Amino acid sequence: MDNSASDMPDRILLTTCSFQDTPGPHHEFLESQGYEIVRERGPLSESRMLELAGEFDGFLCGDDGITRAVIEKSLPRLKVIAKYGIGLDKIDIAATQERGIPVMFTPGVNHTTVAEHTFCLMLALYRNLVDTVVATRQGNWLRMTGHELWRKKIGIIGMGRIGQEMVKRARGFDMEVHGYGNFWPEDFCVTHGVTRHDSLDSLFATCDIVSPHTKLNDSTHHMINRARIALMPAGAIIVNTGRGELADTAAVVEALGSGQLAGYATDVMEEEPPPADHPLLSHPKALVTAHIGSRTFESVPRQAMKAVTNLVNFLQGEGPVFCANGVVPSAEE
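Residue numbers (UniProt numbering): 1 to 333.
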């Protein structure tokens, strides 16, 4: 961006903790741009974003509450929102489009990492990993009987990059793979033997394991609910590394208590961090990790570099950007 009209550098709000906590070249790259960088520990609530809004040229954000009110208060100074990651449900995309604020994102950088973490949770549930490790650390020799993944029926919701990585790993365990999604990579699914379902009800009724990897929107909110859990074979499990809001927590807790679900593992919660008394945190059949599915020393620098590159390329008015909302005006406007 041409700053000849002002001696003031662009002011950037950086909120993503993964970016800040993980070493890598993204730190040096961001620092080299000469921006004034204000660091906060996100994800920030709408109320905190409203306190900060209006004093920044760009947001380099994670899952902060960037609502219509935040966007309105951020104008006219805000030029760009650079999202670290691919989930856009915390950003009011309609408001950004109406006000001409481009929203950048980072597709294609975390699919392997998220798929690996999903299988980590899946194996931990089936092999009682946490209980046995806790026991041995306390000096006890607890020998629990678990289950194999071999030839279990897994239902993958969403056949994008993460869903496809899930398929590859499931086939490595010789699992029977079922899929559902509006996007359907036909050649890939034929090659890997994925059975397509025309409805979520059909997939839930068929599978021992359900793993959602789809966007959060009005149609997917609480797609995992009492009615669909009731369709699952008794003793089934659900592993959620997508969004917390994809699952109705009350329905999950109820199903864990009745035995309809043998386990629920999740990396995402409807409120993050959750309250200390959240029923899933202490439930003996639940495993909860703190939204770390894409947080590896390999994945974070990839995401962070793409997020910073989007920001820099836009503000300098040159180079490619990955825009999620179709708004790519000149940074000079």
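All C-beta atoms in this analysis are idealised placements derived from N, C-alpha and C, irrespective of residue type, glycine included. Small disclaimer: the values here were computed from a predicted structure and weren't measured.
CA nearest to the CA of Gly62, picked from Ala69, Gln316, Leu44, Val70:
Numbered from its first residue, the sequence shown carries residue 62 at position 62. Cα-wise, what sits closest to Gly62 is Leu44.
So, Asp64 versus Thr15, is the Cβ gap smaller than 8 Å?
Here residue 64 refers to the residue found at position 64 of the sequence shown. Here residue 15 refers to the residue found at position 15 of the sequence shown. Taking 8 Å as the Cβ cut-off, Asp64 and Thr15 qualify as a contacting pair.
Counterpart residues of Tyr180 in DSSP-defined beta bridges:
As a first step, residue 180 must be located in the sequence shown, where it is residue number 180. DSSP, once it has assigned bridges, lists Ile157 as partnering Tyr180.
So, does the segment 28 to 36 touch the segment 77 to 87, judging by three or more C-beta pairs under 8 Å?
no
Spell out the partners DSSP gives Phe59 in its beta bridges.
Residue numbering aside, residue 59 sits at position 59 when the sequence shown is read from its first letter. DSSP output for Phe59 lists Leu13, Ile81 as bridge partner(s).
How close, in whole Å, do the beta carbons of His178 and Thr191 come, if the pair is a contact with beta carbons under 8 Å?
Within the sequence shown, residue 178 is the residue found at index 178, counting from 1. Within the sequence shown, residue 191 is the residue found at index 191, counting from 1. Not confirmed; about 16 Å, so no contact.
Could you check if Ser299 is buried or exposed, using at least 16 other CB atoms within 10 Å of its CB as the buried criterion?
Translated into the one-based positions of the sequence shown, residue 299 becomes position 299. Ser299 is buried by the Cβ-count criterion.
Near Thr266, which residues of its chain fall below 6 Å by C-beta distance, leaving aside the five closest residues on each side in sequence?
In the sequence shown, the residue the question calls residue 266 occupies position 266. These residues qualify, in order along the chain: Asn240, Val288.
How about Lys90 and Ile66: are their beta carbons less than 8 Å apart?
Here residue 90 refers to the residue found at position 90 when the sequence shown is read from its first residue. Here residue 66 refers to the residue found at position 66 when the sequence shown is read from its first residue. Cβ distance < 8 Å, so Lys90 and Ile66 count as in contact.
Cβ neighbours of His200 in the same chain (closer than 8 Å, five flanking residues each side left out)
Against the sequence shown, residue 200 aligns to sequence position 200. Just to set this straight, residue 200 is Leu in the shown sequence, not His. Closer than 8 Å at the Cβ level, and outside the excluded window around Leu200, lie Ile157, Tyr180, Met223, Arg228.
Just the C-alpha distance for Thr113 and Ala276, rounded to the nearest angstrom, thanks.
Mapped onto the sequence shown, residue 113 falls at position 113. Mapped onto the sequence shown, residue 276 falls at position 276. Rounded to whole angstroms, Thr113 to Ala276 spans 27 Å at the Cα level.
How many Å lie between Val209 and Ala115 at the Cα?
By 1-based counting over the sequence shown, the position of residue 209 is 209. By 1-based counting over the sequence shown, the position of residue 115 is 115. This sequence places Ile at residue 209; Val is not what is there. Roughly 14 Å between the two C-alpha positions.
Would you mind reading off the limits of the beta strand (DSSP E) that contains Thr22?
Along the sequence shown, one-based indexing puts residue 22 at 22. Careful: Thr22 lies outside any beta strand (DSSP E) and carries neither H nor E.
Residue burial classification, Phe297 (beta-carbon count within 10 angstroms, cutoff 16):
For this step, residue 297 is matched to residue 297 along the sequence shown. By the Cβ-count criterion, Phe297 is exposed, with fewer than 16 other Cβ atoms from all chains shown falling within 10 Å of its own Cβ.
With DSSP as the reference, label Glu333 as helix, strand or coil.
As a working mapping, residue 333 is identified with position 333 in the sequence shown. Here the model assigns Glu333 a pLDDT of 49, short of 50, so the residue's position is not dependable, and the following value carries that caveat. Look at Glu333 here: in three-state DSSP terms it is coil, with no helix or strand label.
4 or more residues per run - each alpha helix (DSSP H) lying fully within the segment 90 to 169
93 to 98, 111 to 126, 129 to 137
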